[in-house]
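Asker: Residues in the sequence shown are numbered from 124 upward in steps of one, following the UniProt record's numbering. Got a structure here, written out as structure tokens. Questions coming.
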Amino acid sequence: QISEAEVALFSVSSYACQRRTTLDNHNSNLTDALSLLAENAELNNEDGRGVAFRRAAALLKALPTQVISMSQLRGLPCLGEHSLRVIKDVLENGVSSEVESTKQSKRYKALKILTGIFGVGAKTADRWIRAGIYNLEQLRHSGQTLNRAQKAGLEHYDDLNEPVTKAEADAIGEIVQKAVDSVLTGSQVALSGGFRRGKLTGHDVDFLITHPEEGKEVGLMPKVVAWLESQGFLLYQKTTRNSYLESKDGPARPASNMDRFERCFSIFKLTKGKEQENTDQQLRELSKNYQMEAASHKIWRAVRVDLVVSPISQFAFAVLGWTGSKLFERELRRWAGHEKNMSLSSHALFDNTQNKYLRATSEEEIFAYLGLEYIPPSERNA
Ligand code: CTP
Ligand code: MN
Ligand code: MN
Ligand code: MN
């Protein structure tokens, strides 16, 4: 028997929802590489490959120490042949040649730039690339028709590609709370998404809105949006009605993973705070560059905000479904279906064996129904 005492061996559960994944990642050299390949696969509409790389990255994020040798990975789940090849490359050479060549490729660069526009997905970006459009300049001069979202996305491109800070998220939270208080007293606002998981920055800010009295929340979103608009807080918004129909026996089964809450995808106009103004003052003093100076005079910035209204009876499911991470959510649904014969959505949990809905008023109850140890939001960073 060869002793492996010199390297730590790991024992890890195969579903990400069985694991505790904090933001303290000891293997970012490996997970960055795998995440880039996942992103590239997703940008090319190769969802299967994308998920495989995401699962491999998530497994490494959950390890308690840094991986230094391939032998430590023996017997671990979620690591396919391709992912192992990438990991080996990084461990031996410091970088993965596949990642490096992907980063350099004209197509990847163009997909990144074009999908960086709010409202532009992989399919639109691919169509534009096939029309010879690789950057914003070419897009602006291409004569391509942009929809309302894409026009707003292009106009606020730089702001929307700058990470949102926790301080900005809190400032927007106060505005949303004020809006909600103004249109329906007793309404509640909950921060969800990455910031609820303890992330310090995000690509947007996600909020859930509900009211303790069932039914009071109906029609709330248009009122909230009208208030925000009247106060000049919105640069863009698209509100979608609730399409989740209740039957006599309970909520109808959602047709897809996409939830059907009343929701609003928006771009907020956020006035910069004192801290930011001071930074701008320093920037102005330091700046020799005219454009930089012009930008530094802007006293507001655009921030992506998602608002979702949920009835109180579905709120626990909505909170669980909108806290993420995306992979954690996917794994929860996979666990529910494959291991428990249950269907989980952001609205409800259906037990296919008992043929009934399982009601819950907290996330803890939902984990218990699923036979999972409770994982708090800060440990759902898979
Ligand atoms: N979500 C969803 N339906 C959508 C969009 C998002 O259910 N159409 C859920 C995702 O599954 C995720 C949560 O909303 O759980 C937040 O999504 P998102 O804002 O995209 O990601 P974050 O984890 O918040 O990361 P980031 O900081 O980049 O915003
Ligand atoms: Mn640690
Ligand atoms: Mn988010
Ligand atoms: Mn979001």
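Where a beta carbon is used, it is the ideal one built from N, C-alpha and C, also for glycine.
With DSSP as the reference, please indicate the residues paired to Y480 in a beta bridge.
Answerer: In the DSSP output, where bridge partners are listed per residue, Y480 has F473.
Asker: Among C140, M465, R453 and N464, which residue has its Cα nearest to the Cα of G171?
Answerer: Comparing Cα-Cα distances from G171 to each of C140, M465, R453 and N464, the minimum goes to R453.
Asker: Classify N380 as buried or exposed, calling it buried when 16 or more other Cβ atoms lie within 10 Å of its own Cβ.
Answerer: Per-residue confidence for N380 stands at a pLDDT of 49, beneath the threshold of 50, marking its modelled position as unreliable; no derived number is given.
Asker: Mind the definition here: the segment 145–165 touches the segment 214–228 only if three or more C-beta pairs lie below 8 angstroms; say whether that holds.
Answerer: The segment 145–165 vs the segment 214–228: in contact.
Asker: Helix, strand or coil, according to DSSP, for C387 in the structure here?
Answerer: Three-state DSSP puts C387 in a strand.
Asker: Is G317 near ligand 1 - that is, is its Cβ less than 7 angstroms away from at least one heavy atom of it?
Answerer: G317: yes, Cβ under 7 angstroms from ligand 1.
Asker: Do T238 and A248 have their CB atoms nearer than 8 angstroms?
Answerer: Yes; because the gap between Cβ atoms is below 8 angstroms, this pair is in contact.
Asker: How long is the line joining the alpha carbons of V341 and R457, rounded to whole angstroms?
Answerer: Rounded to the nearest angstrom, the two C-alpha atoms are 31 angstroms apart.
Asker: Tell me the DSSP secondary structure of S315 in three-state form.
Answerer: Looking at S315 - three-state DSSP - the assignment turns out to be strand.
Asker: Would you list the one or two residues that DSSP bridges to I361?
Answerer: Before going further, note that residue 361 is Lys rather than Ile in the sequence given. Beta-bridge pairing links K361 to F388.
Asker: Any chance the CB of D293 is under 7 angstroms from a heavy atom of ligand 3?
Answerer: Flag unset: Cβ of D293 not near ligand 3.
Asker: Which residue's Cα is closest to the Cα of G460: T446, T476, S448 and H470?
Answerer: The candidate whose alpha carbon is nearest that of G460 is T476.
Asker: Please state whether the Cβ-Cβ distance between T333 and S433 is less than 8 angstroms.
Answerer: Contact flag set, yes.
Asker: Between which two residues does the alpha helix (DSSP H) harbouring I236 extend?
Answerer: Note, I236: alpha helix (DSSP H), K229 to T238.
Asker: According to the Cβ coordinates, are V431 and A441 closer than 8 angstroms?
Answerer: Cβ atoms of V431 and A441: closer than 8 angstroms.
Asker: Using 7 angstroms as the cut-off, classify the Cβ of D327 as near or not near the heavy atoms of ligand 4, replying yes or no.
Answerer: Answer for D327: yes, Cβ within range of ligand 4.
Asker: Closest to N270 by C-alpha separation, out of E165, Q354, A180 and F241, would be which residue?
Answerer: Nearest option by C-alpha distance: F241.
Asker: I want to check one thing, is the minimum distance from the CB of D382 to the heavy atoms of ligand 4 below 7 angstroms?
Answerer: D382 Cβ: outside cutoff for every heavy atom of ligand 4.
Asker: At a cut-off of 7 angstroms, would you count K289 as near ligand 1, judging by its Cβ distance to the nearest heavy atom?
Answerer: No.
Asker: Taking 8 angstroms as the threshold (C-beta atoms), are R250 and P500 in contact?
Answerer: Contact: no.
Asker: Work out the CA separation of D429 and A131 for me, nearest whole Å.
Answerer: Their Cα atoms are separated by approximately 42 angstroms.
Asker: What do you reckon, are the CB atoms on A185 and F176 nearer than 8 angstroms?
Answerer: Contact: no.
Asker: Leaving aside the five residues before and after F473 along the sequence, list all residues of the same chain whose C-beta is less than 6 angstroms from its C-beta, in chain order.
Answerer: Result list for F473: S466 and Y480, in chain order.
Asker: Please determine, among F391, M344, L351 and M193, the residue with the shortest C-alpha to C-alpha distance to E385.
Answerer: Selected option, being the one with the closest Cα: M344.
Asker: Could you please give the first and the last residue of the uninterrupted alpha helix (DSSP H) stretch that includes F490?
Answerer: E486 to Y492 is the extent of the alpha helix (DSSP H) around F490.
Asker: Let's test the definition: count the other Cβ atoms within 10 Å of the Cβ of Y138 and tell me whether it reaches 16, buried, or not, exposed.
Answerer: Classification for Y138: buried.
Asker: So does the segment 265–285 actually touch the segment 347–364, counting three or more Cβ pairs closer than 8 angstroms?
Answerer: A contact exists between the segment 265–285 and the segment 347–364.
Asker: Could you please give the first and the last residue of the uninterrupted beta strand (DSSP E) stretch that includes I498?
Answerer: Looking at the DSSP string, I498 is not in any beta strand (DSSP E), and its letter there is neither H nor E.
Asker: I think I435 touches E337, with their Cβ atoms under 8 angstroms apart; what is that distance to the nearest whole Å?
Answerer: Confirmed, about 5 angstroms.
Asker: Nearest-angstrom Cα distance between R504 and Y280?
Answerer: Note on residue identity: the sequence assigns Asn, not Arg, to residue 504. When rounded, the distance between both Cα atoms is 27 angstroms.
Asker: Expressed to the nearest angstrom, what Euclidean distance is found between the alpha-carbon atoms of K211 and M193?
Answerer: If I take the Cα positions, the gap works out to 7 angstroms.
Asker: Would a C-beta distance cut-off of 8 angstroms place Q189 and N150 closer than the cut-off?
Answerer: In this structure, N150 lies closer than 8 angstroms to Q189 by Cβ.
Asker: For my contact list, I236 and L259 are in at a C-beta cut-off of 8 angstroms; report their separation, rounded to the angstrom.
Answerer: Contact flag correct, Cβ pair sits at about 7 angstroms.
Asker: Curious, which full-length alpha helix (DSSP H) runs of at least 4 residues does the segment 199–272 contain?
Answerer: Runs of the alpha helix (DSSP H) inside the segment 199–272: 204–216, 220–227, 229–238, 245–253 and 259–263.
Asker: Rank L277, T288, L331 and P286 by C-alpha distance to the C-alpha of V299 and give the top, closest one.
Answerer: Closest option to V299, Cα to Cα, is L331.
Asker: Looking at D329: is its Cβ nearer than 8 angstroms to the Cβ of G321?
Answerer: No, they are not a contact pair.
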